[in-house]
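Remarks on the structure that follows.
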Amino acid sequence: MASPPPRVRWAIFAGLALAALALRLPSLGERPMHTDEAVNGYITGYLLEGEPYTYDPEDRHGPALYAFALPVARLAGKSSLADLTETTVRLGPVIAGTLTILLFGGLVRQIGFLPSLGAAVLFAVGPLSVYYHRYFIHEALFVGVTLGFLLALWRAVFGGGAVWGAWAGACAGLMLACKETAVLHYAAVGLTGFWLWFATRGNRKGALREPPVGGAKNAGRQIAWWRTVVAGCLVMAVVVIVLYTWGGRHWRGPADLVRAVPQFTARAGGQGHEKPLSYYLALIGGAWPGGIVVGLAIAGGVVACSSRLRSIALQNEFVSNDGGERSRDAGKEVQVGAGLAAGAWAVYGVSVALIYSLIPYKTPWLALNLWLPIAVLAGVGALAMFRFVPLAGARWLLVLAGVASLAALAGDSWFWSVSKPADEQNPYAYAHTSEDLLGLPERVREVTGSTHSRVAVVAADPWPLPWYLRQFPETGYWQPGNDPGPAEVYITSIEAAESIGTRITGWRPEFFGLRPNVLVLLWTNPENPAGSTAHE
Numbered sequence: 273m274a275s276p277p278p279r280v281r282w283a284i285f286a287g288l289a290l291a292a293l294a295l296r297l298p299s300l301g302e303r304p305m306h307t308d309e310a311v312n313g314y315i316t317g318y319l320l321e322g323e324p325y326t327y328d329p330e331d332r333h334g335p336a337l338y339a340f341a342l343p344v345a346r347l348a349g350k351s352s353l354a355d356l357t358e359t360t361v362r363l364g365p366v367i368a369g370t371l372t373i374l375l376f377g378g379l380v381r382q383i384g385f386l387p388s389l390g391a392a393v394l395f396a397v398g399p400l401s402v403y404y405h406r407y408f409i410h411e412a413l414f415v416g417v418t419l420g421f422l423l424a425l426w427r428a429v430f431g432g433g434a435v436w437g438a439w440a441g442a443c444a445g446l447m448l449a450c451k452e453t454a455v456l457h458y459a460a461v462g463l464t465g466f467w468l469w470f471a472t473r474g475n476r477k478g479a480l481r482e483p484p485v486g487g488a489k490n491a492g493r494q495i496a497w498w499r500t501v502v503a504g505c506l507v508m509a510v511v512v513i514v515l516y517t518w519g520g521r522h523w524r525g526p527a528d529l530v531r532a533v534p535q536f537t538a539r540a541g542g543q544g545h546e547k548p549l550s551y552y553l554a555l556i557g558g559a560w561p562g563g564i565v566v567g568l569a570i571a572g573g574v575v576a577c578s579s580r581l582r583s584i585a586l587q588n589e590f591v592s593n594d595g596g597e598r599s600r601d602a603g604k605e606v607q608v609g610a611g612l613a614a615g616a617w618a619v620y621g622v623s624v625a626l627i628y629s630l631i632p633y634k635t636p637w638l639a640l641n642l643w644l645p646i647a648v649l650a651g652v653g654a655l656a657m658f659r660f661v662p663l664a665g666a667r668w669l670l671v672l673a674g675v676a677s678l679a680a681l682a683g684d685s686w687f688w689s690v691s692k693p694a695d696e697q698n699p700y701a702y703a704h705t706s707e708d709l710l711g712l713p714e715r716v717r718e719v720t721g722s723t724h725s726r727v728a729v730v731a732a733d734p735w736p737l738p739w740y741l742r743q744f745p746e747t748g749y750w751q752p753g754n755d756p757g758p759a760e761v762y763i764t765s766i767e768a769a770e771s772i773g774t775r776i777t778g779w780r781p782e783f784f785g786l787r788p789n790v791l792v793l794l795w796t797n798p799e800n801p802a803g804s805t806a807h808e
């Protein structure tokens with residue numbers, strides 16, 4: 273199937289993005305805030321209040337998430353930490369995820385309309401993307417700008433010129449401003465570039481070959497190529513500097529980014545998050561609909577690596593980097609087939625999967641980085657399966673099986689993201705905050721009768737309590753062993769309770785679940801009439 277006209281194509285992808293938005297919005301604020309979300313929300317709140325941003329190379333990621341979240345919060349009428357809600361902060365990732373699905377429309381120039389549409393549908397309904405597009409962490413924005421980087425880089429390499437080089441540089445800078453792990457993706461792109469160089473060695477033309485010195489045309493082509501490279505590097509540097517210095521107010525930021533390398537190298541060793549090599553494969557392909565997607569992605573990778581299979585599977589899907597027309601690079605034509613692009617996605621996907629799988633540190637949201645190339649290759653594989661089946665009846669059976677699989681994926685997305693988002697059996701709810709904790713702020717308000725009472729929290733790791741107690745401005749936090757002084761209520765970990773024994777002698781403890789197998793205690797004075805009814 274040839275690609276529809278651009279307006280029709282973008283209308284289709286826009287409609288799909290809106291449908292994905294509708295899947296991501298329901299009950300957005302009802303799931304408890306994960307610790308990482310709480311930290312990000314807390315930082316966003318202080319930035320709303322005018323506090324300067326300071327990059328923390330020890331235990332935080334980059335500033336792009338907050339730069340994206342602030343205008344969303346302001347448009348929602350929020351001006352302080354106390355004003356923020358779970359729904360408000362999660363709108364940013366929802367918007368980023370929705371725009372990512374729209375971006376798949378740009379993939380049509382690489383692998384054709386049907387594979388791109390299939391990839392976008394998988395990204396729209398897949399439980400991994402739906403769940404983490406509703407999560408106030410960096411991953412949704414990071415994966416979105418990664419897709420933008422890959423699309424813009426392809427256009428820049430194949431004759432797009434300095435403008436596309438600048439777009440690629442902007443997206444690369446945003447990647448690094450989201451997460452330091454961007455360097456892993458740069459490495460995967462480098463491996464993919466090496467493969468492209470090798471794969472096109474027999475008929476390398478235009479942008480894939482640096483022109484020899486000599487002759488006005490060759491010299492002009494060489495200058496154009498270097499303009500593209502310089503534009504990309506300059507824009508990337510500007511984006512990184514502007515964001516890490518927070519608009520010139522924290523000039524240590526870029527230097528701290530360099531100093532963060534040893535910390536994140538050490539974290540890659542696991543730090544309590546060690547998982548086996550097969551963790552991501554089991555997470556994505558463990559259930560039957562996910563297993564089918566992984567199988568299609570493998571099939572798509574095989575097709576992409578075989579010129580004979582490509583010619584059958586991607587017939588009529590062959591597109592150039594200029595929407596099906598030949599592009600001109602300094603007077604020479606470069607035609608890039610869907611097979612070459614699919615092969616590049618296969619190499620990139622395998623590279624990213626190997627890099628992330630070999631690193632001992634693993635969390636489920638990192639699998640979103642693998643889901644992107646898997647969705648793209650599954651789109652190629654699905655079209656290949658359809659084309660390889662000669663009988664019309666059998667093709668209709670494949671279509672029905674595909675629809676059933678997509679329905680199952682959408683059902684899983686709704687179940688895990690809306691119905692059971694914090695359940696201990698949820699494969700995506702990693703060390704998640706317990707729903708029991710949602711009753712703690714109201715109980716503190718009930719006991720104290722005011723949001724301005726003094727609340728003392730004593731725990732080695734109090735998160736996500738600072739988020740849930742954000743409307744109690746007189747709340748303080750102490751490490752075990754430090755005396756918090758007098759307070760109307762105390763909140764402690766089980767381990768820290770003994771360290772303030774003299775402060776809570778005769779007080780009644782109430783238990784709240786913080787995370788699986790982790791409790792906090794709310795200590796109330798029995799002489800306070802409001803504290804006479806303990807939390808059950």
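In our numbering, the protein residues as written are 273 to 808.
Positions of the beta carbon are idealized from the N, C-alpha and C atoms, including for glycine.
All values reported here derive from a predicted model rather than from experimental measurement.
Leaving out the 5 sequence neighbours to the left and right, which residues in its chain are closer than 6 Å to ASP308 when beta-carbon positions are compared? ILE409
Cβ neighbours of LEU290 in the same chain (closer than 7 Å, five flanking residues each side left out): none
Using 8 Å as the Cβ pair cut-off and three pairs as the minimum, do the stretch 422-442 and the stretch 499-517 touch? yes
Please report the straight-line C-alpha distance between GLN382 and VAL648, rounded to a whole angstrom. 11 Å
Can you tell which of TRP739, TYR407, GLY398 has its C-alpha closest to the C-alpha of VAL566? GLY398
Closest by CA to VAL716, which one among PHE421, PRO781, TRP426? PRO781
Taking buried to mean at least 16 other C-beta atoms within 10 Å of its own C-beta, is GLY773 buried or exposed? exposed
State yes or no: is the C-beta of ILE373 within less than 9 Å of the C-beta of PHE285? yes
DSSP beta-bridge partners for VAL790? ARG787
Got a sec? Which residues, its chain only, sit under 7 Å from PRO636 by beta carbon, not counting five neighbours each side? LEU555, PRO699, TYR700, TYR702
Throw me the rounded Cβ distance for the THR764 and LEU793 pair, which I believe falls under 8 Å. 5 Å
Kindly indicate which residue of GLN751, SER725, ALA454 has the alpha-carbon position closest to the one of ASP733. GLN751
So GLY748 is in the beta strand (DSSP E); what residue range does that whole segment cover? 747-750
Which term fits TRP523, buried or exposed, when burial requires 16 or more other beta carbons within 10 angstroms of its beta carbon? exposed
Same chain, Cβ closer than 7 Å to LEU319, five either side skipped, listed in chain order: TYR325, TYR338, LEU342
Can you grab the Cα-Cα spacing for the pair MET508 / LEU425, in whole Å? 12 Å
Which word fits HIS724, buried or exposed, when buried means at least 16 other C-beta atoms lie within 10 angstroms of its C-beta? exposed
What residue ranges within the stretch 687-741 form continuous alpha helix (DSSP H) runs of no fewer than 4 residues, ordered along the chain? 712-720, 737-740
Unbroken alpha helix (DSSP H) runs of length 4 or more, entirely within the stretch 353-417: which are they? 358-375, 380-383, 385-397, 399-404
Whose CA, out of SER685, GLY665, VAL624, lies closest to the CA of LYS559? A small fix is needed here, since residue 559 is Ala in this sequence, not Lys. If we check each option's Cα against that of ALA559, SER685 comes out closest.
With 16 as the cutoff for other CB atoms within 10 Å, does ILE766 come out buried or exposed? exposed
Tell me the rounded alpha-carbon separation between LEU672 and ARG427. 35 Å
Nearest-angstrom beta carbon gap, GLY621 and GLY573 [assumed within contact, 8 Å]: 7 Å
Within 10 angstroms of the Cβ of SER388, are there 16 or more other Cβ atoms? Answer buried if so, exposed if not. buried
Close-in-space but distant-in-sequence residues of the same chain around ALA759 (CB under 7 Å, 5 per side omitted): ARG726, VAL727, ALA728
Are there 16 or more other CB atoms within 10 angstroms of the CB of ARG473, so buried, or fewer, so exposed? exposed
Identified DSSP bridge partners for SER781: At residue 781 the sequence reads Pro, which differs from the Ser that was named. For PRO781, which the question treats as bridged, DSSP gives the partners TRP795.
Three-state secondary structure (DSSP) of ARG281: helix
Whole-angstrom Cβ separation of LEU568 and ALA650, contact assumed at under 8 Å? 4 Å
Within 10 angstroms of its Cβ, does ALA576 collect 16 or more other Cβ (buried), or is it exposed? buried
According to DSSP, is GLU546 part of a helix, a strand, or is it coil? strand
ILE766 by DSSP, collapsed to three states: which one? coil
Using the three-state DSSP reduction, which class does TYR633 fall into: helix, strand or coil? strand
Please state whether the Cβ-Cβ distance between VAL511 and PRO526 is less than 9 Å. no
Measure the Cβ-Cβ separation of VAL619 and THR464 and say whether it is below 9 Å. yes
Buried or exposed by the 16-neighbour rule on C-beta atoms within 10 Å, applied to ALA310: buried
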